[in-house]
Ligand code: ADP
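Residue numbers (the numbering used here): 70 to 741.
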């Protein structure tokens, strides 16, 4: 797809854009920085052409997020629409997905679960009070912010029935494993009741670390849900068993409502107060903060009165974003100050701006690989004229990925990988019911990571696209060591999301090592990906995730490595040293090269494609139809102070539970 530089001009005028931090059914999410305030944001990027019939659903999400302003709902700052793309600028949640937090801990204690669950109840009570049903509740759609609070995201499937939430909906949507029986049966249903069922599944996942209803085969999964029977593991308290039962009632009318959950005895335990669900005054739009206005007025050279009037229009443009981000700074005790104009290239064309323009075009015209290479590849055409950036061309020779569109991601596939349940017993025996956690915070990383390159491959792709995963082992080694053996509490490992920033830094430092690339293959299917069977329409929504981006590499014949002078000085050959964090699996080994080699030898066996950049392995798996089903990173690092080797894991795309199985499998088979 040809790139129109002007098309993304608005985005680059106001934001610096960094690496990909997540990817959904039809969006790619990148870390960004709002230039005027210097605040981090998440930028959800959607290509209109690729959205096709799903475009109305993005509009639904945007409208919902404009209307929903709550302490546990991810905040929308700005929407930029160009002729080809839509950018949603969102509150950045560096702690990652609740899902990853659960799997890192295996499962959460009842106490920690309660902390999170109260926040989920608070968010859902608010969302329902505004007339919305979310319809895609799952731990992947709850993010952890820097204060370890949950933020609900992904309102793409939400519904706001015209007659109110009591009116029936018909579209069967959401993720199969979290779908209420009435949805699966194709019956008309009440959105809020279906949400409570999903909350029950979510609560179970928090307390148990696996799903109550699970199967790789959707037909079998649906049968299990329709039977409504699940096993309560022995560590659940009687109170938890009761609450789960009350939420996962087959008959929606017998299910608890969110209103009941607010002061449910289990929810109130140790708190003695019902859940506060009203929007915190910091989140309502009724009070305008004067010092934010003053700072903006000075910057905009306007009167305070007219600045206030402008802010009050809530247009979700640069004014809204600047105000809300200034407010966020204020609330975190930071100075309410705007930066002077950006000092990068003229005409708002910083290297990041320039690079993204080129790169994004490739991303959206092509495919999933973009998820892996993230925002780190830049075409020299647009960067060469920026004087303070040096460039080195690198020819990327990775093989193109097949891109046959696969419309049904849920087709029954009885042979497909393991279910969580099948492997539980082994895991339980080993764990003896213990949980563990990380007490240490994540290292704060530099934010000014600039530009990196894709390494040339050393070996070609194998042809194992359709090979099946190894079904033998499902254990995570060193799980206790993972979190320093400390007891569970609600303390946040802050700044989790900055790991990716650090990894960029690492990649920059390792640009000399861009020689080791192997491509292999694998094919697990997505399972809990959101679906939409579009039975009949309460909206125009269709199955999500049906979009296929082509291969980035296919269109990419020139890659460059760019480093700022400071980054060049920072070049380093060894693994990064990081603090223990919840997405790092600790090993008992001290030799990073040995650990790296062990993992490298296992990936082909598990049919995982990978590209290697120093100690970071960017992994991918493939579906039967040549679609990338999963993208994740494994990075061998050294743990600060402990001087032992750790493996940082980060899921970028794909079914969360399949990812969990696979990474556990890789790490345990690597015997590290
Ligand atoms: P889609 O609508 O295409 O499913 P999502 O909104 O679910 O996309 O975003 C995809 C992923 O991107 C999320 O699962 C999460 O990992 C990441 N992500 C989304 N929003 C944010 C955010 N505000 N902060 C950090 N990461 C985010």
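Even glycine gets a Cβ: it sits at the ideal position worked out from N, Cα and C.
As the structure is a prediction and not an experimental result, all values here were calculated from the model.
query                                                                                                                                                                      : result
I'd like the span of the beta strand (DSSP E) that includes residue 162, first residue to last.                                                                            : Where residue 162 is concerned, there is no enclosing beta strand (DSSP E), given that its DSSP letter is neither H nor E.
When you compare each of 716, 143, 700, 703 to residue 393 by their alpha carbons, which one comes out closest?                                                            : 143
Could you give the residue range of the beta strand (DSSP E) that holds residue 691?                                                                                       : 685 to 691
Between the Cα of residue 97 and those of 78, 119, 109, spot the shortest distance and give me the residue it belongs to.                                                  : 119
When every heavy atom of the ligand ADP is checked, does at least one fall within less than 8 Å of the C-beta of residue 326?                                              : no
What span of residues does the beta strand (DSSP E) with residue 84 cover, start to end?                                                                                   : 84 to 92
Candidates 405, 709, 647, 670: which alpha carbon is nearest residue 107's?                                                                                                : 405
Decide if the region 213 to 222 is in contact with the region 346 to 357; the criterion is three or more beta carbon pairs, one per stretch, under 8 Å apart.              : no
Does the region 316 to 325 touch the region 269 to 279, meaning 3 or more C-beta pairs lie closer than 8 Å?                                                                : yes
Since residue 700 and residue 168 should fall inside the 8 Å C-beta cutoff, what is the C-beta to C-beta distance between them, to a whole number of angstroms?            : Not confirmed; about 15 Å, so no contact.
Taking the beta strand (DSSP E) that residue 287 belongs to, which residues open and close that run?                                                                       : No beta strand (DSSP E) contains residue 287, which is instead part of the alpha helix (DSSP H) from 287 to 296.
Quick check on DSSP: helix, strand or coil for residue 727?                                                                                                                : helix
Let's test the definition: count the other Cβ atoms within 10 Å of the Cβ of residue 245 and tell me whether it reaches 16, buried, or not, exposed.                       : buried
Let me confirm a value: residue 349 is counted as buried when at least 16 other C-beta atoms fall within 10 Å, else exposed. Which label applies?                          : exposed
On the DSSP letters alone, give me the boundaries of the alpha helix (DSSP H) that residue 368 sits inside.                                                                : 359 to 369
Is it the case that the Cβ atoms of residue 260 and residue 215 are separated by a distance below 9 Å?                                                                     : no
Given 8 Å as the limit, tell me if residue 222 has its C-beta closer than that to any heavy atom belonging to the ligand ADP.                                              : yes
Is the beta carbon of residue 346 less than 9 Å from the beta carbon of residue 194?                                                                                       : yes
Can you tell me where the alpha helix (DSSP H) holding residue 312 begins and where it ends?                                                                               : 307 to 316
Is the beta carbon of residue 183 sitting closer than 9 Å to the one on residue 264?                                                                                       : no
So the alpha helix (DSSP H) residue 64 belongs to, where does it begin and stop?                                                                                           : Beyond the ends of the chain as shown, which are 70 and 741, falls residue 64; an answer cannot be given.
Taking the alpha-carbon of residue 170 as reference, which of 357, 734, 276, 337 has the nearest alpha-carbon?                                                             : 276
Which value, in whole angstroms, describes the spacing of the CA atoms of residue 111 and residue 730?                                                                     : 28 Å
Can you name the residues that DSSP bridges to residue 654?                                                                                                                : 716
Can you name, in chain order, every residue of its own chain whose Cβ lies under 8 Å from the Cβ of residue 652, other than the five neighbours on each side?              : 165, 169, 173, 565, 568, 717, 718, 719
Sort 114, 93, 376 by Cα distance to residue 87 and report the nearest one.                                                                                                 : 114
Tell me the rounded alpha-carbon separation between residue 644 and residue 162.                                                                                           : 26 Å
Return the first residue and the last residue of the alpha helix (DSSP H) that residue 668 is part of.                                                                     : 661 to 671
Do residue 160 and residue 397 come within 9 Å of each other at the CB atom, strictly closer than that value?                                                              : yes
With a threshold of 7 Å on Cβ separation, who are the neighbours of residue 386 within its own chain once the five nearest residues in sequence on each side are excluded? : 147
Who are the near neighbours of residue 343 in its chain, counting only those whose CB is closer than 7 Å to its CB and skipping five residues on each side?                : 331, 332, 337
Taking the alpha carbon of residue 79 as the point to measure from, which residue in 647, 155, 672 has its own alpha carbon closest?                                       : 155
Is residue 687 close to chain C, meaning its C-beta is less than 9 Å from at least one C-beta of that chain?                                                               : Looking for chain C here will not work: only one protein chain is present.
Report yes if the CB atom of residue 281 is closer than 9 Å to the CB atom of residue 317, and no otherwise.                                                               : yes
How would you write the range of the alpha helix (DSSP H) that residue 387 sits in, first residue to last?                                                                 : 387 to 400
Give the DSSP bridge partners of residue 252, in chain order.                                                                                                              : Paired residue(s): none; residue 252 is not in a bridge.
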